[in-house]
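Using this note's numbering, the first residue of the sequence shown is number 207, and each one after it goes up by one.
The beta carbon of each residue, even a glycine, is placed where N, CA and C say it ideally should be.
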Amino acid sequence: MLITVTSAKRGALSVAGMSTRIAARRVYLDGEFRPATVVSEGGVITAVEPFDAAAETVLPGDSVLLPGLVDSHVHLDEPGRTEWEGFATGTAAAAAGGVTTIVDMPLNSLPVTTTTDALDAKRAAAAGKLAVDVAYWGGAVPENLGSLRELADAGVVGFKCFLSPSGIDEFGHLDAEQLERCLAELATFDGLLIVHAEDPAHLHADGALGPRYRDFEASRPPLSERAAIRRVIEAARRTGARAHIVHVADGGALDDVRAAKAEGVRLTVETCPHYLTLDAEAVPDGAGAFKCCPPIRGGDNRDLLWAGIVDGTIDAIVSDHSPATVELKGNPDFGLAWGGIAGLQTGLSAVHSTARARGLAFESILPLLTTGPARIAGLDGLGVIEPGAPAHLVAFAPDEEFVVDAAALEYRNPVSPWHGQTLTGVVRETWLRGESVYRRGSAVTERGGREILRATAAVDA
Ligand SMILES: [Zn+2]
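Encoded structure:
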């Protein structure tokens with residue numbers, strides 16, 4: 207898979223020739239922790255050597271060294287809605303959360319990324335602002351079906367669509383016939399479709415619902431997800447195209463996913479930290495910070511999602527970082543508050559805390575935060591510590607606790623459903639291509655992130 211990396215920052219500090227040696231007693235290598243020294247030169251890992259107590263950087267014994275995380279589901283909303291987030295604040299939050307590569311969603315920026323002109327506008331907006339590397343999803347909407355190849359050739363890693371209203375007028379959803387047509391088109395160049403799977407036939411009408419979370423949850427029942435996921439499975443089976451379900455919230459939908467995968471349908475699925483670590487029973491009345499679609503469901507459902515993590519049905523855990531302004535999130539009516547959860551910076555700590563409480567080894571969830579999302583987005587070679595990989599590294603203290611303070615996060619808006627919660631696991635430092643881009647307690651100032659543009663895969667005729 208060819209990947210073209212271009213610098214989004216003119217005159218960026220060159221790391222060529224710079225050599226670094228980072229040693230730790232616990233380095234995540236090949237699925238396990240062991241003592242090692244990671245050597246990099248010019249931003250690329252050149253060797254993994256035995257632990258060297260004299261290395262220039264030696265992590266304290268309570269820290270582990272991880273590969274930089276990959277988050278393939280992030281809404282940075284720039285250009286056009288920079289009051290919601292933006293490349294500068296969003297990528298700073300990523301760096302502080304141990305995420306060194308993100309894939310930006312085609313909405314809720316203005317314009318939405320459904321044309322090559324819109325992609326150009328997005329790339330221009332990103333220039334000079336990136337603290338971490340950024341790739342782009344394109345959008346598949348009724349208006350651009352038939353011309354997706356052009357946008358793929360411009361470098362997007364795949365296409366996002368909705369099967370129900372997106373909440374944004376300029377990003378329309380696909381009906382059943384359009385979904386099938388879209389997948390058939392993508393199959394001609396082995397493109398990937400990532401799908402927001404809720405069936406509008408089972409969603410209640412929009413509008414005021416009041417402050418009770420249960421009323422909001424009931425307005426988007428699990429059946430809406432199941433029906434939509436079945437539709438995607440059937441269309442992927444018929445067309446032979448690759449499909450991915452974003453933010454699966456309903457654990458009951460996983461049986462269909464298991465069966466489809468066993469049958470050989472080209473399907474992957476992701477879930478998110480909020481579905482794995484929060485539950486409907488604990489959502490306070492009127493707390494718009496917890497509103498997202500599909501909704502966070504009950505504790506029993508959460509157990510089903512964790513079962514899908516453990517048995518490998520779920521391929522990735524990604525943030526679906528989708529912030530909005532304090533004003534839009536603050537409406538105490540769950541029907542009227544804007545949907546979308548800000549979780550980019552706290553995802554690793556939240557998932558780690560809950561996994562540990564459930565008795566799961568840290569090693570077992572790390573692939574879902576690194577190589578899993580990298581593979582889905584076609585960014586193979588990221589999310590690993592091995593010679594030849596970029597030196598994207600994270601020092602993480604897995605036993606240290608902290609209390610989430612939304613105002614202290616790097617987001618544009620101080621909104622987090624984990625605000626006030628005590629989480630276990632602290633990101634202490636993040637390196638991008640061997641260069642420190644975040645140190646706990648300091649602001650993110652380095653802007654050495656790059657764009658990743660993906661070459662369209664060749665398909666044998
Ligand atoms: Zn999203």
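- Within the same chain, Cβ atoms closer than 7 Å to the Cβ of residue 510 are found at 457, 458, 460, the five residues on either side in sequence being excluded.
- Around the Cβ of residue 466, a 10 Å sphere holds 16 or more other Cβ atoms; the residue is buried.
- Shortest gap from the CB of residue 279 to any heavy atom of ligand 1: under 7 Å.
- For residue 370, same chain residues with a beta-carbon under 8 Å away, outside a window of 5 residues either side, are 379, 402, 404, 405, 406, 409, 430, 434 in chain order.
- If you check the CB distance, residue 455 and residue 502 come in under 8 Å.
- Contact annotation, residue 312 with residue 305: C-beta distance approximately 19 Å; criterion of less than 8 Å not satisfied.
- Rounded to whole angstroms, the separation of the alpha carbons of residue 525 and residue 392 is 26 Å.
- For residue 471, the shortest C-beta to heavy atom distance toward ligand 1 is 7 Å or greater.
- Assignment of alpha helix (DSSP H) within the region 562-625, counting only whole runs of 4 or more residues, yields 568-575, 577-582 in chain order.
- From the listed residues 592, 557, 566, the smallest Cα separation to residue 628 is found for 557.
- Unbroken beta strand (DSSP E) stretches of 3 residues or longer found wholly inside the region 454-538: 473-477, given in chain order.
- The DSSP assignment places 398-402 as complete runs of the beta strand (DSSP E) inside the region 367-432, in order along the chain (cut-off: 3 residues).
- Between ligand 1 and the CB of residue 310, the shortest heavy atom gap is not smaller than 7 Å.
- Shortest Cα-Cα distance from residue 340 to any of 567, 385, 275 involves 275.
- By the Cβ test, the region 535-554 is in contact with the region 612-629, since at least three Cβ pairs between them sit closer than 8 Å.
- Taking the CA atoms as reference points, residue 228 sits about 40 Å from residue 286.
- Distances from the CA of residue 657 to each of 335, 259, 396, 252 were compared; the closest alpha carbon is that of 335.
- Distance from the C-beta of residue 526 to the nearest heavy atom of ligand 1 is below 7 Å.
- Under the DSSP assignment, residue 297 falls in the alpha helix (DSSP H) whose first and last residues are 293-302.
- In the DSSP assignment, residue 653 falls outside any beta strand (DSSP E) and carries neither an H nor an E.
- Inter-residue distance for residue 252 and residue 543 is about 49 Å (C-alpha atoms, whole angstroms).
- The DSSP-derived three-state label of residue 646 is coil.
- Note that the region 599-615 does not touch the region 582-589; fewer than 3 beta-carbon pairs, one per stretch, sit closer than 8 Å.
- Counting only unbroken stretches of 3 or more residues, the beta strand (DSSP E) elements lying wholly within the region 249-324 are 250-255, 270-273, 275-280, 305-310, in sequence order.
- The DSSP-derived three-state label of residue 448 is strand.
- Between residue 282 and residue 234, the gap from beta carbon to beta carbon reaches 8 Å or more.
- Comparing alpha-carbon positions, the option among 331, 326, 264 lying closest to residue 291 turns out to be 331.
- Taking 8 Å as the upper bound for CB-CB distance, residue 247 and residue 225 are in contact here, some 5 Å apart.
- In summary, residue 412 is exposed, with fewer than 16 beta-carbon neighbours lying within 10 Å of its beta-carbon over all protein chains present.
- In the DSSP assignment, residue 355 falls within the unbroken alpha helix (DSSP H) covering 354-359.
- Contact check for residue 310 against residue 338 fails: the beta carbons are separated by 8 Å or more.
- Here the region 522-540 does not lie against the region 562-570, with fewer than 3 beta-carbon pairs under 8 Å apart.
- A residue is called buried once 16 or more other Cβ atoms fall within 10 Å of its Cβ, and residue 315 is buried on that count.
- When DSSP states are grouped into helix, strand and coil, residue 554 belongs to the helix group.
- With at least 16 other beta carbons inside 10 angstroms of its own, residue 243 counts as buried.
- Note: residue 339 is bridge-paired with 307 in the DSSP secondary-structure output.
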